[in-house]
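To start, the structure itself, in structure tokens.
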Amino acid sequence: MSELERHYRRLLARYPRDHRERHGEEMLAVLMAGAGDRARPTRRERVDLLWAAVRLHLRRVVAADGGVDARDVLAIVSLLGPVALLAGATTGLHELAWFVKAGALVDMPWSTQFPDAPAWLLWGVVAVLVLLGRSRAAAVVAWPAVAWFVLVATFLPHQHWWTGMDAGWILVGLLTAVALTWSPGPARGRELVGRRAVLVLAATVGVTVALGVLGHRVAVVEFLRLVVVIGGTAVACGHRSRVGRRAALILLLPTVTTALGFAQLLISLRMPTSLEVAVFYGLPVLALLALGGLPRRVRRRPDRPVT
Amino acid sequence: MKDGPLREPTFLILTALAARAQHGYGILLDVEEISGGRVKLRAGTLYTALDRLSADGWVAVDREQVVDGRLRRYYRLTDEGAARLETEVRRLRAQTRAAERRLRLRPAGGTA
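These protein sequence lines are chains A and B, in that order.
The numbering of the first sequence is the numbering used here, which starts it at 1 and goes up by one.
The numbering of the second sequence is the numbering used here, which starts it at 308 and goes up by one.
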């Protein structure tokens, strides 16, 4: 065995076992055929082989079906996330509406009634920038919005919601900022879900906010809001595609954590803060990873009998 | 996404397999030729893509050979893969025609 082959074998040893067993010798043949008279792999070859190994491992952990490209999921999130996030302003807008109706807007204590207003304002700016195609600028504005969320949730927890409600918005905000900064971006997202998706989601958010402001804490209205937000998000993201469903799951994280929060209230379960953080932030992330790890449905080929 | 636009490496790999089955090294050389030398795929990228394309049912193993003591596996485009490539070609053709039409409407010498 040559020195070059030994190097290649060492790099291929980093691949997932099933892939190595199926393609290892074949890849080695391809690598040796393209190596010419080199004695060692080039730096670019090493990087390519190691990066491919990482991707294959990740695919087996977070997308065992092998067909979901996380970058495409994030591209959709970068396009629709800023719009979806605006629904989070509902509670604050309800407070605002109350003070407006009472003719006491100037007396409204913003720091207690609407402490996260600057964050929602920033997300509104991010949404407009994304729609205008200014994704770099949108990414720059998204991070202060995330920071404001975190600041309010950390330092003003008693003047804000409980962890269950904060967690979903913070997670979606963070993932949207990450998607705007590092994914292929809203342009790719628009290619995947179409321009209509933004309109569908904007309408969904508009209806959700209106219902939340006008029918605050009315059980039927809250249920209707839930139906609208789940249905609208699924349609906007493209519920028929696996990438779209994955993006919808991310955008619906606030619904998931709020449901967890209500369940906690119903059973009057008191948890230490550290456990609350683990449950409301950790569980949704684990659920996303686990759902990503579900193997794709195997379609029976008509020429093969069912066994 | 199965129905979205294809990424360039995917498009080039499917194109390389469109006319005949090819082995891994053959695909690498063909992709370079098809792209006019602009895209040089490496083995890691190629086999990550083949892993995904096989899972999607667009590419399948055609046959295996041992040449000079080394395994050579040939891949072919499946009917599903060919249909997907055809769809992408139609999409690109429509975009190219639109671009040509608009370029013809452009005032001579560019805009002021």
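For each residue, glycine too, the CB sits at the ideal point set by N, CA and C.
Source: prediction; values computed, not measured.
At least 8 Å separates the beta-carbon of Leu357/B from that of Gly388/B. In the DSSP assignment, Glu371/B is bridged to Arg380/B. In the three-state reduction of the DSSP assignment, His216/A falls in the coil class, being assigned neither a helical nor a strand state. Here Leu275/A is not near Val198/A, since their CB atoms are 8 Å or more apart.
When beta bridges are read from the DSSP output, His330/B appears opposite Tyr381/B. Chain-order list of chain B residues neighbouring Arg55/A: Thr355, by C-beta distance under 8 Å. Closer than 9 Å at the C-beta level to chain B, one finds these residues of the stretch 25-52 of chain A: Glu25, Glu26, Met27, Leu28, Ala29, Val30, Leu31, Met32, Ala33, Gly34, Arg44, Glu45, Val47, Asp48, Leu49, Leu50, Trp51 and Ala52. If you ignore the 5 residues before and after Val205/A, its C-beta comes within less than 7 Å of the C-beta of Val83, Ala84, Leu86 and Ala87, all in its own chain and listed in chain order. Residue Leu192/A holds the alpha-carbon nearest to the alpha-carbon of Ser241/A among Leu192/A, Arg46/A, His19/A and Val229/A.
With a cutoff of 8 Å on beta-carbon distance, Val346/B and Leu321/B are scored as not near each other.
Looking at the backbone, the Cα of Leu50/A and that of Gly24/A are separated by about 14 Å.
Between Pro254/A and Gly168/A the beta-carbon gap is near 3 Å, inside 8 Å, which marks them as a contact. Taking CB atoms only, His19/A has a neighbour in chain B less than 8 Å away. With contact defined as three or more Cβ pairs closer than 8 Å, the stretch 172-190 of chain A and the stretch 133-145 of chain A are in contact. Between Gly344/B and Asp48/A the beta-carbon gap is near 18 Å, outside 8 Å, which marks them as no contact.
Buried is the label assigned to Phe280/A, since at least 16 other Cβ atoms lie within 10 Å of its Cβ.
Note that the C-beta distance between Val207/A and Val228/A is below 8 Å.
Not a single CB atom of chain B sits nearer than 8 Å to the CB of His216/A.
Collapsing the DSSP output to three states places Val227/A in a helix. Using a 10 angstroms sphere on the CB of Ala247/A, the tally of other CB atoms reaches 16 or more, which defines it as buried.
Interface with chain B (8 Å Cβ-Cβ cutoff): Glu191/A is included.
Collapsing the DSSP output to three states places Val346/B in coil. DSSP places Val396/B in the uninterrupted alpha helix (DSSP H) bounded by Asp386 to Leu412.
With respect to the 8 Å criterion, Ala145/A and Val128/A are not classified as neighbours on the basis of their beta carbons.
Scanning the stretch 127-203 of chain A from its first residue to its last, the whole alpha helix (DSSP H) runs of 4-plus residues come out as 135-155, 163-182 and 186-193.
The beta-carbon of Thr403/B is placed no less than 8 Å from the nearest beta-carbon of chain A. Checking the DSSP bridge columns, you'll see Val366/B partnered with Leu384/B. The continuous stretches of alpha helix (DSSP H) do not include Ile267/A, and DSSP gives it neither H nor E.
Between Met32/A and the set Asp386/B, Tyr332/B, Tyr354/B and Val338/B, the nearest pair of CA atoms involves Tyr332/B. Here Val338/B has Leu319, Ile320, Ala323, Val346 and Leu348 as same chain residues with Cβ atoms under 7 Å from its own Cβ, once five neighbours each way along the sequence are excluded.
In this structure, the straight-line span from the alpha carbon of Ala147/A to that of Lys101/A is close to 31 Å. His7/A is positioned such that its CB atom lies no closer than 8 Å to that of Arg43/A. Exposure of Asp37/A is indicated by the presence of fewer than 16 other C-beta atoms within 10 angstroms of its C-beta. Within 10 angstroms of the beta-carbon of Gln329/B lie 16 or more other beta-carbons, which makes it buried.
Between Val366/B and Tyr382/B the beta-carbon gap is near 5 Å, inside 8 Å, which marks them as a contact.
The Cβ atoms of Thr233/A and Leu211/A do not sit closer than 8 Å to each other.
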